[in-house]
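The sequence shown begins at 1 in full-length UniProt numbering and counts up by one. Virtual Cβ for every residue (Gly too), placed ideally from N, Cα, C. The structure under discussion appears below in the form of C-alpha cells.
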Amino acid sequence: MIMFRKSDLVLFLINTPDQVYYSVDTVVGSEKAVHYPIEFLNSLNPSGVPPHKLILKAGVPIILLRNLNPPKLCNGTLLQIAIHSAGSLDLEVVVKDSYGREFHNISSLDIKWYLSDSSLGRLSSNSGAKTKTARLKDRQLKTRYYQQLYLNGTEGILKVTASILGYKQNLNNVDEAIYDEKFTVINSSLNFVLVEEAEIEFKRVSIFNSPSSKLHMKVMKGSGFFQVEASDPTKADVVYNSVTHQIEITPLETGTITITINDLCLGIVHKDVAEIQIYGISAVVVDVVDKVELGKTIVASVEVLNEDKQRIPASAFSLMNLQAVSASNIISINLLSKPEPHQYQASYVIKGLTLGHTSFKIVTKADIFKGVQYSSDTLPIQVFPPLHLNPDHIVLTTGATFQVLCTGGPQPLSNIEYVIDDKDIAVVSACGTVEAKKVGKTTLTAKAVGLDKKGNTVVFSEDKATVSCVSLQEVKIHAPLSRMVVGTEMPLYVVGHSELESPFAFGTAFPSAKFKWSISNDKVVSLNNLYSSVGLQESSENNFRVILKALQDGLATVHLDVYLPKEHSFSFLGVPQVLSAEIQIQVFKRLRLTNPEVEDGMIIMSPNSQLKLKNNRAGIAKVAYKILPSGGKVNQVPVVSIDESGTLVATSKLGSAILQVTAVEEFGVIQDLSVIVKVEETAYLMLKPFGKIMTRDWPLTVLPVGFTVPFIVTYHNNIGQVFDAVRSQIQYRASRPNSARVSFTSLNNTLSVQVVKPGFTVLKVWDVESSIPPDYIQIVTGTAIDPADIELTVGDVICFGSPLVTQEGHSGTWSTSKAILAIHPVSGGAVALNPGQAKVIYSLLNGFSTSTQVTIKDAVYISIEPGNVNQISNLPRAKPYKIYLIVQSNETHKMNNIIGKNCTYATENSMPLPLVQPPFSCELNFLSSSSDISANDLFYSSSGFDIEKGMYYCSIEPVRKIPISEASTLEGQLSLTVHLLTAGQTASLSQQLLLSFLPAFHVQQDELILSDIQSTNHIIISATPAVQRCLLVVPSDSTVLRVKSPALHPVFPASVTFPVELHDVNYLLKGDRSALYIEISCPITKQQVKIPVKVKRLDMSLDGSAFCQPLPLPPPSSEIYYDWYLMMKVAAALLCIIIVYYIIRWITSARRGMVTTQPVFLNSSTASSNGSQSFSPGHRPFTTSPFRRSYSPEFSEYENLSQPMRLCHLETSPKSHQRRRADNIFR
C-alpha cells in the first residue's frame, strides 16, 4: 500500500512552516487542582482527544474526530488546510505493506502522478519519484522519495493523486516471476486548497466613539483562519468572526489604532493592514438661511465635525441623539427624513408659524458623552410676511411707465429683483419701473433675494403680477356730478373704455398725448388747469385732468379731444389719431332770501365726523352751545351733538339740525347765532395744490426738482358744496414714487409732494372708508434751471439761469456740490474745471432750492478756427491778435464753448473766468528767423475767453522791447502752439498753427523838403520783401506832389526808395497853401505813416533855409523883414549901381564853398529816435488823405533809378553866414 505518513513523520516530510496550537486544560473542581496540576493534564493524550500541542502544516490532511456541532460536520470528515497558491511544495512518498512495514526500494516501483486541474499547478515529473537523504531526529540518515509540485498562483482546489502500477520493467537482477505475478494498483490522493494572501476591505476607516457604534471590516482571500490584534487594545476591542470573515471593532476611546492580521494556515503576518480612527465630536454646524416666509418652510442642513474638522457620517447621528431646540414657538423644526448611512448631512424643516424673530440650535442629547452636551451656534431666524406686488394687475398704454411697489418680504428689506417674461411687450428697470413697448400681456415677477453664508444667491420670497399693454381706443370724461351749484368746483379727468384704463395707464406715456379741453359756454363754467393757482403754465401734453368751476346758472358742454401720437395711433395715413368725448353740466343757484337779504350759515359734516368750533368772542363773553331739533319734533334724537368745549360730533344718521350759539357779554347784552348743521354723504373728493411759486424772466411749466408742494383734499356733496368736517382715511399711490415723494402733513387731509427728479407722475388719492371715486392728478416734474441735465467738456462756460424768485422778488444764489465746477454765486456763470459729475444748486432765501445734474467729460483735443488770423505784425495795435479755439471732447464736435440762454445777460465781470485758468496754454516761437531776435522780444502771448463769441482764444500782443527799425527787416515764420492742460496743469496734447510774420516797415525820414530849385527828393523805407510788395505811397495832393516808381537802395538791400517830385511849381505862389504830406501804408499790416513835406522858394528866401545849415542856426526871419528887402530894391536903385562891384565879389567868394546840385537835404546835427536822420523830431498825427496815388512796384523797376546822395559841408563862421545871406538877397 501507499500512504502519506501521519504524526510527526508526516509533518516532517511536508516542506511548509509549522503552526502550533495549544489546548487549555482545567480541573472541574477547584479542590482537586492540587492533585491534578495543569502540567499533568497537558501530558495526557487520551484516545479521541486532540493532543495538548497540535502541530499543523499546510497540505496536511486533518480528520475531524468529534464535532460538538453535528449538523455542520460529521465525525471522521477529512479536512484540509489551505496553502499559498504561489510557490512550490515537496510531496514525500511512503509505501508500506499490509503489515505496516515500510517499503524502502520505492525507486523500483512504477509510480504515476495525476493533477485534477493542470491550470492550478504542475509536477516536476509525471512518473517516478526523486530521492534525497534526510537526517532524522535520532541522527540517522534516511533516503526519502518525493515529487515536486509547482503552483501557478491561482486560487482553487487541487487534487494530487499518486498510483503504483507495478514494478518497473527494466530492472536488472529481478526475478521475472515478479512481473508475471498479478499486481493490484495502489492509489493515494491529497487535496489542497490554494489561497492568496489575505486582504482587508478598508485601508483607512473612521468610527464614532460609542459603544453602540461597531465597525465591521471584511477580510478577503487568505485561509479564513486568522488571528487579529489591535495596536492599542485600550482604545478598541477587535474580534474576528471566522464564519462571516469579518473583523468587528468596538471603540472604547478616541484615537487611532492599526490592525495586524495573522493568517494561521499560511503562517503570514500582515502588520498594520488597516488604520482605524476613533473620533469624537468637536462641533455641530448648521447651514440655513436666516429668513423664512410666513407659512412657508426652509431646510436646514446639519453636519457634525470630528476633532480633525472632518464630517462625521450620518450613520452616527442616531447615536448622538441630535435634537433641534427653538427659543420660541414662532417656528417649528422637524427632521425631514432619516439620512442614509453614507451621507454626511441631516436635513431639518423649519416652518414659519408667526411673524417675528427667534433663534434655534441643534444639540446632542445622548448619554454616551458622560454629561457633556455638544451644541451648534444659536442661529437667528426671522419670520417675515410674504412679498406682495402692488398692484397685481398693471394696465399701460404703449410708452407709458408705472413703478410697482413691493410690500412684505424680509426686514430690513432685502434686494428686490424684477424679471419680466416677455421683454418685447414690456421692460422693467432695477427699481421696478415697468415700461410698455407693444400691445400684449406678460408676467412680472418680483423676488426678494439675498446671500447665504457661502455667498450664494437665495430667493427668500417672490410674487407675480400681470402686465397688460393696451392701446387707447376710446376716452371718457369722468365727472363726479352732472349738476352743480354756482361757486363750486369739481375735478374732471379722462378714463379709457374699461375701468382698468385709468390715468395710470396713459398719464405717463411718451411720446405724450395732447389733451384739448373746451367748453360751450364760458359764462356758465370755466376750466382751470391744476397748477394755475400756484403760478405754473401747463402744456396740453398729458393734461388729462382739469378743474371745472361753476360761474352762473345754465347748461354747458365740456368737450375733449385727445390727439394720440402717430407712434401709438392706428391711423393708416400716418396722422395722429383723435379721440373725443363730451359731457353736459347743469349749473343752478343756491336758494337764498332776497328780501330781506340775509347771510345764511350752514355747516356740512359727514357721518361720524367731528368739528371743533371757534368764535370771535371766546375769552371775552360767556359762550354757550345748544342743538335744537329740526322739524319741530322735540323728542327726536338730533343728528349731531356738542359738548361744552365746542366740539361738534355727527352721528351715523343723515339729516340736519340747528346749532344755537349764545354769547352773554359782561355788560349784559346777549347775542344769538343759529346755524344749520347738515349731515350728508360725501359725493366726491378733489385734490388741489395751494401756495404760490413766484417766477421772473420766463414762465415755469413744471414743478421744480427739490421743491415741496402742499396739496389739500376737499370733500364735496352731491351739489359740489365743500364739507367742513369729514371722517376720512385717505390713501395715495404715485405711479412713479422715485420721481415724486408723497407724504401726509400735520394738517388734516393735506399731502406734501417733494419733487425728486424730472419726469411724469400720476398721483391717485382715494378714501378707503368711502365708496366715492378716486381723484387723479398729473405731476409734471423737472428742473427750473437752464440748462439742465447737460453733458459738458472741461473748459465749457455755462450761463445758468432760473426763473424762481422769493415772494419779495429776490433771486437766489448758485452753488455746486463738487469743486469740479466753478460758479459765480450771483449770476450763475460757471466754468467746467475737471471731469466728473456734480450737482448745480439754486437756493432761495426762503429755504427752497432746486438742482440739476451736470456731467463733465475730459477735454480730448483743441480745434483752432481756420481763417481767423493768418499773419501778424509787430506794429503796436489797440487790440491784440486773437486766435479763437474750441475745447472739444470725443462725443461731439462743438461750435463754441458757451452754453445757456442766460448768456445774453452775462458779462465778464459776472463770470468766474478771470479767476479760472483756461484749460490750455499758448506758446509763440519762431520756426525760422534771420536774426537772433526771439518771439518774446516782439510779442506777448496769453489765453482768454471771449464771452460774446463763446470761444477761447490765444491773444498775441506786440510789445516794444525791440525798436521797429531793428525788426523791420526781420524775416521768419511764427508757430503758435496750444498745449491742452490736464488736471495737474501739465501739457497732454498740443495743436500748432503757423503764422506769417510781417514786420512793421521803418521810414528813415521824419519829413521831406522840396523847393523850387530842388524839386525832387527821396523817401527811404526799410522793410522785408513781403512788406515792400504791399507798400502804398500816396501824396496828400496829387496835383502838387508826384511819387515816382520805387527802386532798391544801392547801399541797403532791405531798403527801398520812393522819389517824390514837386509837380506844380505854381504852388509856391499861392497865398493860402494847405499842408502837404506823403502817406505810406501797408494794407496787410494796417500800418500808416505820414511824412510831412515842406516846399520852399529858395530864390527869394531870407532865412537861408534852402541851404544846408550848420548848427546852431539863427531863427528864421519874419515876413516883415522880407517886405523891407523888396522896398529897398525899388527905392535904392541908385545905390545898387554903386555897390555892384562889391556885390559881385561877395557872391563869387560865397559860391566857392557851396554845392547846389544836392538832391536830398538832411539835417546832420539831429538824429531821430529810430536811428535814422530826419528833419523833424518826431511823427505828427495823421489822417487818411482823400487823394491817393498808389504804387505797387516790381523789383525790375527798382534798378538804376536812384541817384548818389551827397551831404553838404558848410562853413559855420559869421562871415560865411553873412555872405550866404547877401547871396540870397541878390538872388
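Asked, Found
"If I'm right that S943 touches F920 with Cβ under 8 Å, what's the distance once you round it to whole angstroms?", "6 Å"
"Can you pull the DSSP bridge partners for M220?", "E199"
"Suppose you measure from the CA of G601 to the CA of L687; what does that come to, to the nearest Å?", "25 Å"
"Report the partner residues of D90 according to the DSSP bridge assignment.", "Q148"
"Using the C-alpha atoms, what's the distance from H84 back to Q373?", "52 Å"
"If you draw a straight line from the alpha carbon of A426 to that of A465, how long is it in whole angstroms?", "13 Å"
"Apart from the five residues just before and just after Q1088, which ones in its own chain have a Cβ nearer than 6 Å to its Cβ?", "S1081"
"If distances are taken between C-alpha atoms only, which option among L252, W113 and T133 comes closest to R122?", "W113"
"Could you please give me the residues that DSSP links to Y1067 through a beta bridge?", "Y1067 pairs with nothing; no bridge assigned."
"With the cut-off set at 9 Å, would you say G759 and T850 are in Cβ contact?", "no"
"Assuming L938 and P963 make a contact with CB atoms under 8 Å, what is their CB distance in whole Å?", "Not confirmed; about 11 Å, so no contact."
"Can you tell me which of K218, I676 and Y240 puts its alpha carbon nearest to the alpha carbon of V228?", "Y240"
"Please give me, in chain order, every unbroken run of the beta strand (DSSP E) with length at least 3 that falls completely inside the stretch 409–487.", "415–420, 426–428, 433–436, 440–451, 457–470, 476–478 and 483–485"
"Quick one: Cα of V20 to Cα of S108, how far?", "37 Å"
"Spell out the partners DSSP gives A516 in its beta bridges.", "For the sequence presented, residue 516 should be read as Lys rather than Ala. D561, per the DSSP bridge assignment."
"Per DSSP, residue 1228 is paired with what?", "Absent from the model: residue 1228. The displayed extent of the chain is 1 to 1227, so no value can be given."
"If you follow the alpha helix (DSSP H) that F506 is in, where does it begin and where does it stop?", "P503 to F506"
"So, using beta-carbon positions, are V195 and G224 closer together than 9 Å?", "yes"
"Within the same chain, show all residues whose beta-carbon is closer than 6 Å to that of P1181, passing over the 5 residues directly before and after it, in chain order.", "Bear in mind that the predicted position of P1181 carries a pLDDT of just 35, short of 50, making it unreliable; the figure below should be weighed with that in mind. Within the same chain, P1181 has no close Cβ partners at all."
"According to DSSP, is C903 part of a helix, a strand, or is it coil?", "helix"
"Report yes if the C-beta distance between V299 and L322 is below 9 Å; otherwise report no.", "no"
"Quick check on DSSP: helix, strand or coil for E567?", "helix"
"Taking C-beta to C-beta, are L821 and G812 nearer than 9 Å?", "no"
"I want to know whether the stretch 444–461 touches the stretch 405–413 - three or more CB-CB distances under 8 Å.", "yes"
"To the nearest angstrom, how far is it from the Cα of S359 to the Cα of G496?", "52 Å"
"When DSSP builds the beta bridges, which residues end up paired with N191?", "K159"
"Using only the alpha-carbon positions, how far apart do K235 and Y22 sit?", "28 Å"
"Which same chain residues end up closer than 8 Å to E197 when comparing Cβ atoms and leaving out the 5 residues on each side of it in sequence?", "H84, K221, G222, D263, L266, I268 and H270"
"For I1013, I'd like the list of residues in its chain whose CB is within less than 6 Å of its CB, leaving aside the five on either flank, ordered along the chain.", "L1098"
"Does C922 pass the burial test, meaning 16 or more other C-beta atoms within 10 Å, or should it be called exposed?", "buried"
"Taking the CB atoms as reference points, tell me whether residue 1232 and T855 lie closer together than 9 Å.", "This structure cannot settle anything about residue 1232, because the visible part of the chain is limited to 1 through 1227."
"If you draw a straight line from the alpha carbon of V675 to that of F588, how long is it in whole angstroms?", "23 Å"
"For K879, which option in I956, A505, S863 and A550 has the closest C-alpha, if you only look at C-alpha atoms?", "I956"
"Could you give the DSSP three-state label for P511: helix, strand or coil?", "coil"
"Tell me whether residue 1229 is buried or exposed, calling it buried when 16 or more other Cβ atoms sit within 10 Å of its Cβ.", "The question about residue 1229 has no answer here: the residues shown for the chain are numbered 1 through 1227."
"I believe L1008 touches D1037 by the beta-carbon criterion, under 8 Å. Please report the beta-carbon distance rounded to the nearest angstrom.", "L1008 to D1037, Cβ: 14 Å. No contact."
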